[in-house]
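A.B. asks: Before anything else, here's the structure in question.
Residue numbers (the numbering used here): 8 to 290.
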């Protein structure tokens with residue numbers, strides 16, 4: 008196949024179908040679709056699909072002011088498409104990102120923030136939001152893994168979660184089990200996923216996001232701190248501080264490598280400053 012060609016819709020559809028056959032998650036396929044559509048719009052300006060165009064696209068993304076991690080994420084989708092099309096020579100290198108030594112405290116959800124969100128959910132009589140908060144933060148699962156929190160799993164005390172072609176078992180704390188059993192009883196849920204829509208379908212991630220975000224103002228928590236993944240982050244940080252068990256945390260979070268897990272164990276700059284002050288080396 009020539010390295011100079013146009014991007015055809017049928018090729019994109021085939022690429023996305025192949026992702027599905029590879030058992031990629033629905034969220035991954037949706038993201039790749041958005042990224043490829045963005046790339047397609049860039050090519051629509053009369054550019055042929057060759058290495059020069061891909062390099063130009065990379066420079067365009069950087070020039071648009073996207074974060075390096077976002078640029079790399081979009082380029083990863085394009086590189087995967089190029090490999091599928093038999094154009095490996097057109098792939099580009101990702102941007103180098105220096106690992107941050109400190110977490111950004113301004114975006115970090117503290118335990119006190121989480122407790123205020125819970126109290127707000129209770130005072131506003133939002134049992135679903137309260138149960139969602141306690142489930143996501145209580146066991147550190149991803150929003151996409153909520154459908155595996157079923158009535159059967161709650162009764163058994165463990166959830167078997169399948170994600171990215173792997174399966175892991177997540178223990179459910181006794182307190183959380185009691186909360187979810189009460190929630191199921193109030194909602195008439197006798198089997199299947201605990202968190203469902205009125206039609207009985209598993210909740211979409213955007214619905215979960217809105218349910219959590221709607222509490223931020225009354226809870227006096229900055230909105231930029233309030234999103235589901237930050238609850239997973241709080242679980243990971245709290246677990247690691249108490250156990251110092253990076254391998255166990257990686258297993259609970261479903262990470263193939265502990266290097267991925269270390270992102271969650273980074274200390275914020277304020278904590279480092281406090282530690283340095285306590286060294287007593289500047290009398």
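No residue lacks a Cβ here, since even glycine has one placed at the ideal position from N, Cα and C. All of these numbers come straight from a predicted model, not from anything done at the bench.
#1: Under a Cβ-count criterion, where at least 16 other Cβ atoms within 10 Å of its own Cβ denotes burial, should residue 64 be classed as buried or exposed?
#2: With distances taken Cα to Cα, identify the nearest neighbour of residue 84 among 192, 259, 14, 46.
#3: How do the stretch 189-206 and the stretch 146-160 stand: do at least 3 beta-carbon pairs fall below 8 Å, yes or no?
#4: Specify, as a first and last residue, the run of the beta strand (DSSP E) that residue 177 falls within.
#5: What first and last residue would you give for the alpha helix (DSSP H) that runs through residue 244?
#6: Cα separation between residue 180 and residue 239?
#7: So, for residue 118: in the same chain, excluding its five sequence neighbours on each side, which residues have a beta-carbon less than 8 Å away from its beta-carbon?
#8: Mapping DSSP to helix, strand and coil, what is residue 44?
#9: Measure from the alpha carbon of residue 86 to the alpha carbon of each residue in 22, 162, 16, then state which is nearest.
#10: So, at 7 Å on beta carbons, what are the nonlocal neighbours of residue 24 in its own chain, with the 5 sequence-adjacent residues on each side left out?
#11: On the criterion of 16 or more Cβ atoms from any shown chain inside 10 Å, does residue 44 qualify as buried, or is it exposed?
#12: Taking 7 Å as the limit between beta carbons, can you name the residues of its chain near residue 82, skipping five residues before and five after?
#13: Can you tell me which of 144, 284, 189, 121 puts its alpha carbon nearest to the alpha carbon of residue 223?
C.D. replies: Looking at the atomic coordinates:
#1: On the chain shown, residue 64 is found 57 positions in, with the first residue counted as 1. Counting Cβ neighbours within 10 Å, residue 64 comes out buried, since at least 16 surround it.
#2: Position 77 of the chain shown holds residue 84. Of 192, 259, 14, 46, the residue nearest in Cα terms is 46.
#3: yes
#4: Counted from its first residue, the chain shown places residue 177 at position 170. Counting along the chain, the beta strand (DSSP E) containing residue 177 begins and ends at 173-178.
#5: Walking along the chain shown from the start, residue 244 turns up at place 237. For residue 244, the enclosing alpha helix (DSSP H) stretches over residues 235-250.
#6: Along the chain shown, one-based indexing puts residue 180 at 173. Along the chain shown, one-based indexing puts residue 239 at 232. If you take the alpha carbons of residue 180 and residue 239, they lie about 15 Å apart.
#7: Locating residue 118 in the chain shown gives position 111, counting from the first residue. Answer for residue 118: 241, 245, listed in chain order.
#8: Position 37 of the chain shown holds residue 44. In this structure, residue 44 counts as helix in the three-state DSSP scheme.
#9: On the chain shown, residue 86 is found 79 positions in, with the first residue counted as 1. Distances from the CA of residue 86 to each of 22, 162, 16 were compared; the closest alpha carbon is that of 22.
#10: Stepping through the chain shown from its first residue, residue 24 is reached at position 17. Result list for residue 24: empty, nothing under 7 Å.
#11: In the chain shown, counting from the first residue as 1, residue 44 sits at position 37. An exposed status is given to residue 44, since fewer than 16 other beta-carbon atoms sit within 10 Å of its beta-carbon.
#12: Along the chain shown, one-based indexing puts residue 82 at 75. Result list for residue 82: 65, 99, 101, in chain order.
#13: The residue you call residue 223 lines up with position 216 of the chain shown. Its Cα nearest to that of residue 223, the residue 121 stands out among 144, 284, 189, 121.
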